[in-house]
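Going letter by letter, the sequence shown gives residues 0 to 350 in numbering that gives the first Met the number 0.
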Amino acid sequence: MTDIQITCYSTKMKKRFTPIISFIAFAYFTVTFSGCAFGLQPLPDTVQQQLNDAADQGMDGIIVCVNRPDGIQLYTAGWKNRENQIPADPYTLFKIASISKLYIAAATTRLVADEKLSLDKTLAEYIPEVTDRIEFADQITLKMMLQHRSGILDYSSKPEATGETFDDYLSFAARVYDKPAAFEPNKKYRYSNTNYLLIGAILNRTLGHSHHTYIRDELLIPLGLSDTYNTQAEVNMEELMSGYLIGWEADVKDWEYPLPGGSMIATAEDVSVFLRALIDGTLLSPEEQAIYTSVYPYEHTGWLPGYTSIARYHPDIDAVVVQFVNTSGKEIYWLELKRLYKRIVRILEKH
0 MTDIQITCYS
10 TKMKKRFTPI
20 ISFIAFAYFT
30 VTFSGCAFGL
40 QPLPDTVQQQ
50 LNDAADQGMD
60 GIIVCVNRPD
70 GIQLYTAGWK
80 NRENQIPADP
90 YTLFKIASIS
100 KLYIAAATTR
110 LVADEKLSLD
120 KTLAEYIPEV
130 TDRIEFADQI
140 TLKMMLQHRS
150 GILDYSSKPE
160 ATGETFDDYL
170 SFAARVYDKP
180 AAFEPNKKYR
190 YSNTNYLLIG
200 AILNRTLGHS
210 HHTYIRDELL
220 IPLGLSDTYN
230 TQAEVNMEEL
240 MSGYLIGWEA
250 DVKDWEYPLP
260 GGSMIATAED
270 VSVFLRALID
280 GTLLSPEEQA
290 IYTSVYPYEH
300 TGWLPGYTSI
310 ARYHPDIDAV
320 VVQFVNTSGK
330 EIYWLELKRL
340 YKRIVRILEK
350 H
C-alpha cells in the first residue's frame, strides 16, 4: 500500500481583479493578477506555501499530487466551491480535459498490439464515409492521427459552427468537413482535437461497443482506479470540483464535454497512478510499451472552461507531478499556471 500524506490548505478570500473583455464564441477574460508574476517572486520553501500564495493571488482552487516511489503527497489551497466557501479537497473529482488523450492512446496501443487495429491503416479505411469529406482521408493513417500529424483541422477552432449533437461523434466532426487540410499528411505537427474524436469513433467501430467500457476494463480496473470516470454522466456531481471561467461569475461545472480526448474526470491521485503505471511498465507489456512510445508522449496538459491541468513525469526526482486549478482564462493566464507548475517542481528538486 502506498503511503499518502495530505498537507493543510489555505482558504483565504481571493483579491478582486479587473477583467479586460474580449469575445470568442462566448466571453473570455484576460486578467492582470495582483502580484501574480510568479517568476518575480522569491521561491517559497514548501509546495504548500506556493499554493497558498497562488490562491491569495486569484486562483480559485488548487490540487497538487506528487507521486514518488516511496509515497504520494497531496496538497490543496483555495476553494472546491467558491460560492459556499467549501475548501479544496485533495480527493475531489476534476475534469482532466485533454489528459484524457493519454488513456485513448494507451487503449489504441493495446488494440494495435492485439492486431485489432493497424497504425498504417487509413482514416478512409476505418471510416469510409469521410473519404470525400476530409481532405487526404485516404492517406491519413491511424498513427498520424495519434501523433497529431494528420493535417485535419481542429474542430474547436471553429466556434461559428452550431447545432452539433454529442450522440454521434461524426456529427460533431462534420464541422471540419469539406475544408482544406492544414497541411499534407505527416508533413508537420499540429495539435487537433478532431484526431482523437475520430479515433474514438474508430475504437467504437472496432470494438463493437463504447471505448469507454474498454478503457474501464483494460486500463482503470487493473490499476484499481476507482476514482476515474469516462464522462460526466457517470459522476456524482457533489464530488466534482467547481469550475470558474475568469469574468464569468457562475460555477461552470455543469457544462458538459462528452467528446473523446477530453471527457474524462478523475482525482489527481488517480491521474498520477495512471501516468506512473503508463511509464514504468506496470500497465503495458513490452510490446505495447514500444508501440506507445512510438506514437505519443508520457505527459499532457488539459483545458476546459473552468478547469486547467498538467500531468508530467520528472525523471531527475523520479516524481509524477499533477496540478489541477479550477480557474481558466485566456493565454496570459495559462502562462501563469505553467509558471506555478515550474515553481512547484523547483521546490521539489530542492528537497
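Glycine included, C-beta positions come from ideal geometry on N, C-alpha and C.
From the DSSP output, which residues share a beta bridge with residue i?
| i | result |
| --- | --- |
| Val63 | Tyr74, Gln322 |
| Pro86 | Trp78 |
| Lys94 | Ile264 |
| Leu244 | Ser327 |
| Tyr228 | Ile264 |
| Leu239 | Leu92 |
Can the beta-carbon of residue i be found closer than 8 Å to that of residue j?
| i | j | result |
| --- | --- | --- |
| Tyr102 | Leu202 | no |
| Asp167 | Arg132 | no |
| Tyr332 | Ile245 | yes |
| Asn229 | Arg215 | yes |
| Asn185 | Tyr243 | no |
| Ile267 | Phe182 | The sequence given here has Ala at residue 267, not Ile. Taking 8 Å as the Cβ cut-off, Ala267 and Phe182 do not qualify as a contacting pair. |
| Ala54 | Gly77 | yes |
| Ala318 | Val65 | yes |
| Ser308 | Ile98 | yes |
| Gly305 | Gly260 | no |
| Thr107 | Leu116 | yes |
| Tyr295 | Ala104 | yes |
| Val175 | Leu145 | no |
| Glu128 | Ala180 | no |
| Leu110 | Thr205 | yes |
In chain order, what residues of the same chain lie with their CB nearer than 6 Å to the CB of residue i, ignoring the 5 residues before and after it?
| i | result |
| --- | --- |
| Tyr74 | Thr6, Val46, Gln47, Leu50, Val63 |
| Asp269 | Leu224, Asp226, Thr227 |
| Lys349 | none |
| Lys94 | Ile264, Leu303, Tyr306 |
| Tyr340 | Ile309, Gln322 |
Leaving aside the five residues before and after residue i along the sequence, list all residues of the same chain whose C-beta is less than 8 Å from its C-beta, in chain order.
| i | result |
| --- | --- |
| Thr161 | Legend: pLDDT at Thr161 = 42, less than 50; position of this residue unreliable, value from coordinates given subsequently. Answer for Thr161: no residue qualifies. |
| Gly280 | Gln288 |
| Ala112 | Ser284, Glu286, Glu287, Ile290 |
| Pro314 | none |
In terms of residue numbering, what span does the beta strand (DSSP E) encompassing residue i cover?
| i | result |
| --- | --- |
| Ile309 | 306–313 |
Following the continuous alpha helix (DSSP H) through residue i, name the residue where it begins and the one where it ends.
| i | result |
| --- | --- |
| Leu303 | Counting along the chain, Leu303 falls outside any alpha helix (DSSP H), though it belongs to the beta strand (DSSP E) covering 299–303. |
| Ser170 | 168–172 |
| Pro285 | 285–294 |
| Ser99 | 99–112 |
| Ala123 | 122–125 |
| Leu387 | Nothing can be reported for residue 387: it is not among the residues displayed for the chain, which extend from 0 to 350. |
| Ala53 | 46–55 |
| Gly199 | 192–206 |
| Tyr422 | Past the boundaries of the shown model lies residue 422; the chain is included only from 0 to 350, so the question cannot be answered. |
Note down, in chain order, each residue of its chain lying with its Cβ closer than 7 Å to the Cβ of residue i, except the 5 sequence neighbours on either side.
| i | result |
| --- | --- |
| Leu222 | Val272, Phe273, Ala276, Leu282 |
| Ala172 | Tyr154, Thr193, Leu196, Leu197 |
| Lys79 | Gly60, Ile85, Pro86, Ala87, Asp88, Thr91, Met240, Ser241 |
| Leu42 | Arg342, Arg345, Ile346 |
| Met372 | Look at the range of the chain in this structure, 0 to 350, and you will see that residue 372 is not part of it. |
Is the beta carbon of residue i within less than 7 Å of some heavy atom of the ligand GDP?
| i | result |
| --- | --- |
| Leu336 | You won't find the ligand GDP in this model; it holds no ligand whatsoever. |
Quiz item: Three or more beta-carbon pairs under 8 Å between the segment 192–211 and the segment 267–276, yes or no?
Solution: no
Exercise. Spell out a yes or no on whether the segment 81–97 and the segment 169–189 are touching, meaning 3 or more CB-CB pairs, one atom from each, closer than 8 Å.
Key: no
Practice problem: Evaluate contact between the segment 135–145 and the segment 117–125, counting only Cβ atoms and requiring at least three cross-stretch pairs below 8 Å. | Solution: yes
Quiz item: Using 8 Å as the threshold, is the segment 285–301 in touch with the segment 245–254, meaning 3 or more CB pairs across them?
Solution: no
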